[in-house]
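Accompanying notes for the structure given below.
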Amino acid sequence: MAKLYQNTAEIRSFNTKKIIEALRFHEPVTRKDLAESLDLSFATVSNICNQLIHDGFLLETESEAFNGGRIPKLVAVHPASKYILGLDLIRKDRIKAVLINLKNEVARVAEAAVPEAAGMQDALEIIATLTGSLCRSAGLAVEAILGIGVAAPGIFSKESNNLVNSTNPIYEDQPLKEELERLFGLPVFIENESNLLVMATALAGYGASKNRDLIYIYCGEGLGAGIISDSKVVTGSKGLGGEISHIPIGEAGFECYCGHRGCVETELTMAGFLRKYHRQLGKEPCLTGEAWEEFVRAVAAKQQAALAVIHENGVLIGKLLAILINIFDPEAIYIGGITEKLFNDLYPAIIGEARSRTIVSSLHEISVYCSADYEQLIYQGCGEMVFTHWKPPLAKA
261 MAKLYQNTAE IRSFNTKKII EALRFHEPVT RKDLAESLDL SFATVSNICN
311 QLIHDGFLLE TESEAFNGGR IPKLVAVHPA SKYILGLDLI RKDRIKAVLI
361 NLKNEVARVA EAAVPEAAGM QDALEIIATL TGSLCRSAGL AVEAILGIGV
411 AAPGIFSKES NNLVNSTNPI YEDQPLKEEL ERLFGLPVFI ENESNLLVMA
461 TALAGYGASK NRDLIYIYCG EGLGAGIISD SKVVTGSKGL GGEISHIPIG
511 EAGFECYCGH RGCVETELTM AGFLRKYHRQ LGKEPCLTGE AWEEFVRAVA
561 AKQQAALAVI HENGVLIGKL LAILINIFDP EAIYIGGITE KLFNDLYPAI
611 IGEARSRTIV SSLHEISVYC SADYEQLIYQ GCGEMVFTHW KPPLAKA
């Protein structure tokens, strides 16, 4: 059922957002063409565009293509008129802050280290200092920021408004949204990295049908899935939709922090790959960034111990994909995160296992792709999340 707007101010706010959305990723157009594409009156579009030009959201230019007579005026989004502040809190040892413009382009990035013994209040102080410096360097006042998007290492519970099941203990069961809104005085929206990644991937429009049904698997310090079904991100009734970490298909016997063994996250993360690799070598596990780079080099050098892990985890990813394919029937699946450099080596085992376990594989080809530059996608996901929720202020028509 379509939403009913109560008054003229709400209708104008809705149409204002509609106009900005129509112009964000497109070339400049005339007011007449814009009105026709949005099925709005020319007077409505012209009036709102004039106000948006006055407020700095839009730019007006003259068309270079005309056949005499009056030169038509074109309108376009002014990308640097407003920004979204993004926070990447996924890693335990660092915090990243980014400024994203109205075209969802990453304009500036800054980061700060997080001490090993840091707690929630320490993290908030680091965020305040980092974002303050970032905004000052860009010459931005708070009025230029529409809101804050947060990439969270866990699940944002709709019931408690806290972060739960987090791979970063700093934020576990903490009122992160409440604290950040108190700190900034701006609306804050929080989502796990996998949902942000799938949102940004769909926004990029990969595939002929713009990915109405898409899955993104993220492997990093944790494991997650972002799922779009019929153009909507699957979040579930409490925010737990797409939670795959504890699917019990692991066979290595590693104990999970949930207290069980066999959770798939224990094997398809950086720690999981490294535990298996060092087990192959007969060594005690070392879970550092340097150890990971050593493993990546061993795979590139085709060392047997590393390739054994690649095959084993490739098969496990294939099993996981088969479960998701049989439930959601996606058009495409993207895999990103720390596995980007390993994708070509993992792919044969992934696709072979997924095809063998898909119910009706003859109906369509299973399309599995490597997602490049997942950090950039996370930032863009933060931007899109905030813009989706943002509403232009109500004003008199």
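So for the sequence shown, our numbering puts the first residue at 261; every next one is plus one. Virtual Cβ for every residue (Gly too), placed ideally from N, Cα, C.
A direct Cα-to-Cα measurement between Ile587 and Ala531 gives close to 28 Å. Counted as a single uninterrupted DSSP element, the beta strand (DSSP E) harbouring Arg368 occupies residues Val366 to Ala373. Each residue's CA atom was taken as its position, placing Lys418 and Tyr634 some 26 Å apart.
In the DSSP assignment, Cys518 falls outside any alpha helix (DSSP H), carrying neither H nor E. In this structure, the beta-carbon distance from Cys479 to Gly641 does not fall below 8 Å. Contact annotation: Ser426 and Gly414 have beta-carbon atoms nearer than 8 Å. In the DSSP assignment, Val628 falls within the unbroken beta strand (DSSP E) covering Val628 to Cys630. Less than 8 Å divides the Cβ of Leu394 from the Cβ of Ala370. With a contact defined as Cβ atoms closer than 8 Å, Tyr476 and Tyr594 qualify at about 5 Å.
Under the 10 Å beta carbon count, Lys562 is surrounded by fewer than 16 other beta carbons and is classified as exposed.
When rounded, the separation of the alpha-carbon atoms in Met645 and Phe449 is 7 Å. In this structure, Pro545 sits away from Arg557, with a CB-CB distance that is not shorter than 8 Å. Taking C-alpha positions only, Asn267 is separated from Phe302 by approximately 20 Å.
Per DSSP, reduced to three states, the secondary structure at Arg351 is coil, with no helix or strand assignment. Secondary structure at Tyr431: coil, using DSSP grouped into helix, strand and coil. Where Val646 is concerned, the enclosing alpha helix (DSSP H) starts and stops at Tyr634 to His649.
Looking only at Glu403, Thr276, Ala383 and Ser454, the smallest Cα-Cα distance to Gln434 is reached by Ala383.
Between the alpha carbons of Asn364 and Cys516 lies a gap of roughly 37 Å.
Two segments are said to touch when three or more pairs of C-beta atoms, one from each, lie closer than 8 Å; by this definition the segment 608 to 615 touches the segment 568 to 575. When the beta-carbon positions are compared, Leu406 and Phe603 stay at least 8 Å from each other.
The Cβ atoms of Leu359 and Arg368 lie closer than 8 Å to each other. Annotation for Tyr629: Tyr594 place their beta carbon closer than 6 Å to its own, counting only its chain and skipping 5 residues before and after. Counting along the chain, the unbroken beta strand (DSSP E) around Ala336 starts and ends at Lys333 to Val337. A straight line joining the alpha-carbon of Lys342 with that of Phe317 spans about 7 Å. Note that the C-beta distance between Val335 and Pro375 is not below 8 Å. Secondary structure at Phe317: coil, using DSSP grouped into helix, strand and coil. At least 8 Å separates the beta-carbon of Leu440 from that of Tyr431.
Scanning Gly501, Thr618 and Leu283 for the CA closest to the CA of Gly486 turns up Gly501. Between Leu580 and Ile509, the C-beta gap is smaller than 8 Å, which places the two residues in contact. For the 8 Å CB-CB criterion, Asn421 and Glu403 do not form a contact.
Here DSSP, grouped into helix, strand and coil, assigns Val448 to strand. The shortest CA-to-CA distance from Ala357 to any of Ala377, Ala340, Thr389 and Leu443 is the one to Thr389.
Contact between Ser505 and Val524 holds, since their C-beta atoms are separated by about 7 Å, short of 8 Å.
Boundaries for Gly482: no beta strand (DSSP E) harbours it, and the DSSP string shows neither H nor E there. Scanning its chain for C-beta atoms nearer than 6 Å, with the 5 sequence neighbours on each side dropped, one finds around Gly522 the residues Pro508 and Gly510, in chain order. Remark: C-beta atoms of Ala565 and Tyr537 approach each other more closely than 8 Å.
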